[in-house]
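Participant: Numbering-wise (the working numbering), the sequence shown opens with residue 58 and increments by one. Backbone N, C-alpha and C fix where the C-beta goes; we use that ideal spot for every residue, glycine too.
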Amino acid sequence: MTEVIRSAEALREKVAGWKRSGALVGVVPTMGALHDGHLSLARAARSQSDRVIVTIFVNPMQFNNPEDLKKYPRDEAHDLALLEADGVDVLFAPGPDEVYPEGFASKVSVTGVSGPMEGAHRPGHFDGVATVVTKLFGMTQAGRAFFGEKDWQQLQVVRRLVRDLNIPVHVIGCPTKRETDGLAMSSRNVRLSAAERAIAPALHRAMQDAARAIRDGAPVKAALDAAQGAIIRAGFATVEYLDLRDAETLEPLQDLRAPARLLVAAVLGDVRLIDNIAV
Ligand code: PAF
Numbered sequence: 058m059t060e061v062i063r064s065a066e067a068l069r070e071k072v073a074g075w076k077r078s079g080a081l082v083g084v085v086p087t088m089g090a091l092h093d094g095h096l097s098l099a100r101a102a103r104s105q106s107d108r109v110i111v112t113i114f115v116n117p118m119q120f121n122n123p124e125d126l127k128k129y130p131r132d133e134a135h136d137l138a139l140l141e142a143d144g145v146d147v148l149f150a151p152g153p154d155e156v157y158p159e160g161f162a163s164k165v166s167v168t169g170v171s172g173p174m175e176g177a178h179r180p181g182h183f184d185g186v187a188t189v190v191t192k193l194f195g196m197t198q199a200g201r202a203f204f205g206e207k208d209w210q211q212l213q214v215v216r217r218l219v220r221d222l223n224i225p226v227h228v229i230g231c232p233t234k235r236e237t238d239g240l241a242m243s244s245r246n247v248r249l250s251a252a253e254r255a256i257a258p259a260l261h262r263a264m265q266d267a268a269r270a271i272r273d274g275a276p277v278k279a280a281l282d283a284a285q286g287a288i289i290r291a292g293f294a295t296v297e298y299l300d301l302r303d304a305e306t307l308e309p310l311q312d313l314r315a316p317a318r319l320l321v322a323a324v325l326g327d328v329r330l331i332d333n334i335a336v
């Protein structure tokens, strides 16, 4: 039975009890609309901790576009059933007033890794992510936190803030879960029409082709230009960025140097998709 907790105080008491009996607590922060990708994080948490908390909070502070916030899919009853089936101990689902009470005036801002790509295209997004993740670490007091590699830049931002602020949590990145045609699982995929859903896997295919070409020695710019062309020809409206970057610092790379990561954001219909792969 998964217990639903909505207040930080009740959660603190629950976790304190677990910790008194020596349990290692794992947390999976999410915004709900759970899919197999989230569930794989919950399973990783289950296998690497004694108690598992999944948090669901659609964080208004990380949405730079109010329409996107409004359209974000929400179905807590369905999410809860999935978590129950997976043996998650607690669903922490606070309301906005619990997370941002009257008078809330703080912000966590990570420079450097937050700057390019998502940071450049979604101003303020990573301040919202860093602030809420810091709060969720404080509220859950978890020793381990599980994040998907699908949001690669977010993972680097969280790693940086944990190091910089001496937060006593071990951050674990888990591989991206994909549909059988290669599309990275995302809560936004449900907003794709049937025609768009058929086009969407072209994003991952173009990334794989570019990664292969770069590994085979093609000039990085030529490989990225070819991939960008393929994505647009497939039916995407725009490619916001398609970059080869150092996997940790996220500095742009002109030539292949390990560890390197290829990262993309592209818009299909009115749905913005992101993806990344190791090169
Ligand atoms: O990846 C997400 O779902 C969100 O950015 C996170 C980490 C739960 C913070 O709101």
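So the candidates are Gly176, Arg77, Leu140 and Glu124; which of them puts its Cα closest to the Cα of Pro86?
Facilitator: For the purposes of this step, residue 86 is taken as the residue at position 29 of the sequence shown. Comparing Cα positions, the closest option is Leu140.
Participant: Which term fits Thr168, buried or exposed, when burial requires 16 or more other beta carbons within 10 angstroms of its beta carbon?
Facilitator: Taking the sequence shown and counting its residues from 1, one reaches residue 168 at position 111. Exposed.
Participant: Can you determine whether any heavy atom of the ligand PAF sits closer than 6 Å to the C-beta of Pro86, and answer yes or no?
Facilitator: Counted from its first residue, the sequence shown places residue 86 at position 29. Checking every heavy atom of the ligand PAF against the Cβ of Pro86, one is found closer than 6 Å.
Participant: Which parts of the segment 155-195 are runs of the alpha helix (DSSP H), unbroken and 4 residues or longer, counting only runs that do not cross its ends?
Facilitator: You should have 175-178.
Participant: Where Phe114 and Gly144 are concerned, what is the direct C-alpha to C-alpha distance, given to the nearest angstrom?
Facilitator: Mapped onto the sequence shown, residue 114 falls at position 57. Mapped onto the sequence shown, residue 144 falls at position 87. Using only the alpha carbons, I get a separation of about 20 Å.
Participant: For a quick check, are the C-beta atoms of Leu325 and Glu253 less than 7 Å apart?
Facilitator: Numbered from 1 along the sequence shown, position 268 holds the residue referred to as residue 325. Numbered from 1 along the sequence shown, position 196 holds the residue referred to as residue 253. In this structure, Glu253 lies closer than 7 Å to Leu325 by Cβ.
Participant: Would you check whether the ligand PAF has a heavy atom nearer than 6 Å to the C-beta of Asp143?
Facilitator: By one-based count along the sequence shown, residue 143 stands at place 86. It does not: the Cβ of Asp143 is nowhere closer than 6 Å to a heavy atom of the ligand PAF.
Participant: Hey, is the segment 263-272 in contact with the segment 216-232, meaning 3+ C-beta pairs nearer than 8 Å?
Facilitator: Contact between the segment 263-272 and the segment 216-232 is absent, because fewer than three Cβ pairs lie under 8 Å.
Participant: Within a Cβ cutoff of 7 Å, which residues of the same chain sit near Arg215, ignoring the five residues on either side of it in sequence?
Facilitator: By 1-based counting over the sequence shown, the position of residue 215 is 158. The sequence as given places Val at residue 215; Arg does not occur at that position. Around Val215: Val190, Phe204 and Val228.
Participant: Given this structure, state the Cα-to-Cα distance separating Ala90 from Arg245, to the nearest angstrom.
Facilitator: Counting from 1 along the sequence shown, the entry for residue 90 is found at position 33. Counting from 1 along the sequence shown, the entry for residue 245 is found at position 188. Computed Cα separation, rounded: 9 Å.
Participant: Three-state secondary structure (DSSP) at Thr112?
Facilitator: In the sequence shown, the residue the question calls residue 112 occupies position 55. In this structure, Thr112 counts as strand in the three-state DSSP scheme.
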